[in-house]
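K.L.:
Residue numbers (the UniProt record's numbering): 1 to 589.
1. So the beta strand (DSSP E) residue 290 belongs to, where does it begin and stop?
2. Quick test of your reading: residue 81 and residue 98, contact by CB under 8 Å. State the CB separation rounded to the nearest angstrom.
3. Where does residue 524 fall in DSSP's three states?
4. For residue 520 versus residue 576, is the C-beta spacing smaller than 8 Å?
5. Please go through the same chain and pick out, in chain order, the residues whose beta-carbon is closer than 7 Å to the beta-carbon of residue 399, but skip the five residues on each side of it.
6. Could you give the DSSP three-state label for residue 325: helix, strand or coil?
7. Please return the same chain residues whose Cβ sits closer than 8 Å to the Cβ of residue 231, not counting the five positions on each side in sequence.
8. I'd like to know whether the C-beta atoms of residue 482 and residue 561 end up nearer to each other than 8 Å.
9. Hey, out of 584, 30, 497, whose CA is closest to residue 331's CA?
10. Note down the Cα distance separating residue 276 from residue 291, rounded to an integer number of angstroms.
11. Rounded to whole angstroms, what is the Cα-Cα separation between residue 237 and residue 59?
12. Between which two residues does the alpha helix (DSSP H) holding residue 556 run?
13. Candidates 246, 350, 406, 459: which alpha carbon is nearest residue 384's?
14. What are the uninterrupted segments assigned as beta strand (DSSP E) that are 3 or more residues long and contained completely in the stretch 453-491, given in chain order?
15. Output needed for residue 455: all residues of its chain with C-beta closer than 7 Å, excluding positions within five of it in sequence on either side, in chain order.
16. What does DSSP give as the partner residues of residue 567 in its beta bridges?
17. So, helix, strand or coil for residue 87, using DSSP?
18. Here's a check: name, in chain order, each residue in its chain whose Cβ is nearer than 7 Å to the Cβ of residue 326, leaving out the five neighbours to either side.
19. Can you tell which of 585, 553, 284 has the C-alpha that lies nearest to the C-alpha of residue 471?
20. Given residue 447, which residues of its chain have a CB within under 6 Å of its CB, disregarding the five upstream and five downstream residues?
21. For a test of the three-state rule: what should DSSP assign to residue 578, helix, strand or coil?
22. Any heavy atom of the ligand ADP closer than 7 Å to the CB of residue 37?
23. Report, in whole angstroms, the separation of the C-beta atoms of residue 412 and residue 377, which I expect to be a contact under 8 Å.
24. Determine the closest residue to residue 7 out of 78, 355, 205, 139, with distance taken between C-alpha atoms.
25. Rounded to a whole number of angstroms, what is the C-alpha to C-alpha distance between residue 363 and residue 347?
26. Return the CA-CA distance between residue 450 and residue 485, expressed in angstroms with no decimal places.
27. Given that a residue counts as buried once 16 or more other Cβ atoms are within 10 Å of its Cβ, and exposed if not, what is residue 469?
28. Does the stretch 153-168 come close enough to the stretch 117-131 to have 3 or more Cβ pairs within less than 8 Å?
29. Assuming residue 420 and residue 552 are in contact, meaning their beta carbons sit under 8 Å apart, how far apart are those beta carbons, in whole angstroms?
30. Within the continuous alpha helix (DSSP H) that includes residue 279, where are the two ends?
Quick look at the structure:
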């Protein structure tokens with residue numbers, strides 16, 4: 001017992017170490033898989049953000065290009081036209097022919113108001129003019145819309161009153177960079193690499209936008225085909241509008257020279273509506289994206305600024321499973337299979353160890369029981385043979401009694417050895433039984449004398465009731481060995497009973513034929529019945545307290561029965577005693 005506990009402690013420690021190792025490996029694999037999934041999701045999100053930025057700039061460029069293509073003199077309600085001829089095809093003197101501003105037309109989408117700031121700071125709008133001028137050019141608006149335009153102009157005047165708009169338009173565009181301290185202490189190598197890519201993408205988008213706007217610097221988006229007075233733009237040919245924030249108001253503006261003086265021209269953009277439209281344009285790429293203003297000095301960030309507007313894209317959180325490519329992982333399936341294999345292997349090891357330990361204990365008990373069973377007859381042999389050899393038994397009757405005792409002990413030893421050898425043959429893989437049709441009455445009759453002698457040796461009476469004409473398909477030698485073991489057990493365990501009969505009968509049930517051996521002894525208790533057919537089930541202590549035997553006979557009988565396609569069962573009976581039935585297949589079944 002102590003040795004088995006040591007084995008169990010050692011095996012348990014090994015299993016715990018193995019499980020701990022598998023748990024650690026599983027946790028490490030899950031961390032790697034999670035990191036890989038996050039990296040793939042981040043890469044997919046960054047790719048979508050890159051596509052979204054290009055899409056946003058592509059959608060915004062027509063708006064900025066349209067406003068950049070507006071002629072500077074169009075910000076005045078009327079301006080002098082050049083190259084105008086009278087009805088006689090003679091050039092009209094400059095200043096006699098005036099041209100109405102195309103900005104008197106209804107406002108384009110996402111523009112709230114066009115404005116111009118004179119050198120003296122006066123803020124005016126080509127949309128806010130005398131009603132008579134609109135009527136003269138045939139561009140009338142409802143009174144409510146005119147009032148809205150006037151209210152917007154008043155708000156814009158108060159907004160620009162404390163703003164140095166000229167300086168804001170003269171400053172170079174901000175450069176996107178990431179602070180070195182954050183890169184050094186807060187970012188991983190992958191994040192730094194991604195920021196570098198974003199900054200490079202921003203530079204590429206800025207160059208593309210500049211080239212596109214430079215190509216439309218001399219175009220007129222409002223189809224103003226009449227020639228106007230010559231005008232000079234600030235910094236040569238840079239006619240593109242520049243976006244800037246004044247508070248929470250988004251403006252497009254530029255510096256121009258008219259009549260030798262510097263003016264500021266631009267438009268007020270409807271940022272809430274523009275933002276809603278832009279977010280809708282990238283909803284398929286980034287469902288939860290937002291756009292936030294970037295105002296002031298250098299833009300510290302991750303390179304997600306738009307090239308056309310001072311606005312930063314915030315991709316937002318991606319919903320669970322938002323990227324199919326990144327959300328599918330086979331690791332849980334692999335780990336489930338691996339864990340199933342580990343648990344099955346552990347269960348198999350435990351089951352094997354249980355079987356080995358149990359077999360070892362049973363065989364140890366068997367050796368002890370056999371030793372005990374051999375010691376008693378050998379002691380009897382030694383004592384009686386010494387007495388007979390020394391002539392210490394002069395009485396002839398006493399000598400005959402001693403010879404009978406020696407004969408019985410020899411029979412018992414022979415039976416014990418025969419059972420052990422038979423069981424060993426079955427364990428080694430005994431050849432299948434050779435089945436043949438046998439008449440039950442003839443078969444039992446051939447062994448009745450031997451069975452009766454065994455019962456008589458225990459002062460028991462054998463009662464055989466086997467009718468003729470019952471034929472079974474079986475192995476007679478195996479049936480003889482099983483039947484003798486059953487009668488031998490009944491002779492040993494039913495010896496204390498008052499009714500000394502041992503019955504051998506035939507029973508039919510459900511198309512089967514049963515050879516029954518029953519006695520009137522104390523029977524088999526429930527605890528013993530559970531281990532009745534287990535080999536080596538009798539310990540040396542049990543063997544010393546019960547009838548002689550090593551606990552192998554019934555196990556051998558069941559093995560023999562099943563080797564000839566039969567079965568041996570123990571059945572409890574209400575009137576007491578033990579009842580064993582050898583069920584045999586009938587001939588012709």
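No residue lacks a Cβ here, since even glycine has one placed at the ideal position from N, Cα and C.
Small disclaimer: the values here were computed from a predicted structure and weren't measured.
P.N.:
For this structure:
1. 290-293 is the extent of the beta strand (DSSP E) around residue 290.
2. Confirmed, about 7 Å.
3. If DSSP states are grouped into helix, strand and coil, residue 524 belongs with coil.
4. Yes, Cβ-Cβ distance for residue 520 and residue 576 is below 8 Å.
5. Hits under 7 Å: 388, 393.
6. Annotation note: pLDDT 49 at residue 325 (below 50); position unreliable, coordinate value reported separately. Residue state, collapsed to three classes: helix.
7. Since pLDDT at residue 231 reaches only 44, below the 50 mark, its modelled position is unreliable, and no value is offered.
8. The answer is yes: Cβ separation under 8 Å.
9. Minimum Cα distance to residue 331 is reached at 30.
10. Spanning the two alpha carbons is a distance of roughly 9 Å.
11. Summary for residue 237: the model assigns pLDDT 40, below 50, so the residue's position carries little reliability, and this model does not support an answer.
12. Looking at the DSSP string, the run of the alpha helix (DSSP H) that includes residue 556 is 553-563.
13. Among 246, 350, 406, 459, the Cα nearest to that of residue 384 is on 406.
14. Segments of the beta strand (DSSP E) lying fully in the stretch 453-491: 461-465, 471-474.
15. Within the same chain, 461, 462, 487, 491, 502 come within 7 Å of residue 455 by CB-CB distance, once the 5 residues on both sides are set aside.
16. DSSP, once it has assigned bridges, lists 583 as partnering residue 567.
17. Collapsing the DSSP output to three states places residue 87 in coil.
18. Caution applies to residue 326, whose pLDDT of 47 falls short of 50 and renders its modelled position unreliable; the model cannot decide the point.
19. When each option's Cα is compared against that of residue 471, the closest is 585.
20. Setting aside the 5 residues that flank it on each side, residue 447 is surrounded in the same chain by 480, each with a C-beta closer than 6 Å to its C-beta; the list follows chain order.
21. In this structure, residue 578 counts as coil in the three-state DSSP scheme.
22. No copy of the ligand ADP occurs in the structure displayed, which carries no ligand at all.
23. So it is a contact: roughly 6 Å between Cβ atoms.
24. The residue among 78, 355, 205, 139 with its C-alpha nearest the C-alpha of residue 7 is 355.
25. The alpha-carbon atoms of residue 363 and residue 347 are separated by roughly 24 Å.
26. Computed Cα separation, rounded: 12 Å.
27. It counts as exposed.
28. Between the stretch 153-168 and the stretch 117-131 there are three or more C-beta pairs closer than 8 Å, enough to call the two in contact.
29. In this structure residue 420 is in contact with residue 552, their Cβ atoms being roughly 7 Å apart against a cut-off of 8 Å.
30. Boundaries of the alpha helix (DSSP H) harbouring residue 279: 271-281, taken from the DSSP string.
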